[in-house]
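J.: A single structure is presented below for examination.
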DNA sequence: AGGACGATTAACT
DNA sequence: GTTAATCGTCCTG
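Numbering (this note's numbering), first residue to last: 1 to 196.
See below:
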């Protein structure tokens, strides 16, 4: 809502993403997703909704089938972007969590996006595919190291961050995923009030 | 080699 | 509430 959300803040270090996936998913709403483009352009938006996908035992997680060409990135370093293609037309952005060798990630499902430098609110990107579309992210971003010093896509701590109110609920769109995974409250959303 | 299905979305009835 | 769009991935054979 204010221009301050655009001010560059501290980038989240790899140690942040190395935490337990539920912790990362719970802490990400309210943080800033930043996408640098050609010519020094900067798109930034407040992360609004996340979802956790944790390990081979989580039957909703792509890693349920073990390590494959597609899921190999989930076994990589925390802070790595996992971008995959689905439904023949949509790209999804995840950030890999926990230690290398353990497949887990947080899906970014919604963003409050702002134009730079005017800070004009964009149409709400209230869906994981809309989010990647708005930031022009596709498979070429898969395996992007979001914690590298020269990263073009990364997460920042906002400068004036009030403790956000988080609401959790079951994950969305899991289809025929069996219980208990279908009902686990691993979706995390900003509440009606973001603090202040 | 073939088929079912998907961490979705927009456009319908 | 229902359905088409559209293709990579995974499972079966």
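Built from N, CA and C at the ideal position, the CB exists for glycine as well.
Reducing DSSP to helix, strand and coil, say where residue 181 ends up.
T.: helix
J.: Please state if the CB of residue 77 and the CB of residue 14 are separated by a distance shorter than 8 Å.
T.: Between residue 14 and residue 77, the CB-CB gap stays under 8 Å.
J.: Just reading off the beta strand (DSSP E) that residue 167 is part of, what are its end residues?
T.: 166-169 is the span of the beta strand (DSSP E), which, as asked, contains residue 167.
J.: Rounded to whole angstroms, what is the Cα-Cα separation between residue 138 and residue 165?
T.: 31 Å
J.: Tell me the start and end of each unbroken beta strand (DSSP E) in the segment 27-60 that is at least 3 residues and wholly inside, in chain order.
T.: 32-36, 42-54
J.: What separation, rounded to the nearest whole angstrom, lies between the Cα atoms of residue 23 and residue 167?
T.: 14 Å
J.: Anyone know if the C-beta pair for residue 89 and residue 83 falls short of 8 Å?
T.: no
J.: Check this for me: beta carbons of residue 112 and residue 18, under 8 Å apart or not?
T.: no
J.: What is the DSSP secondary structure of residue 90, reduced to helix, strand or coil?
T.: strand
J.: By alpha-carbon positions, which one of 104, 75, 95, 26 ends up nearest to residue 154?
T.: 95
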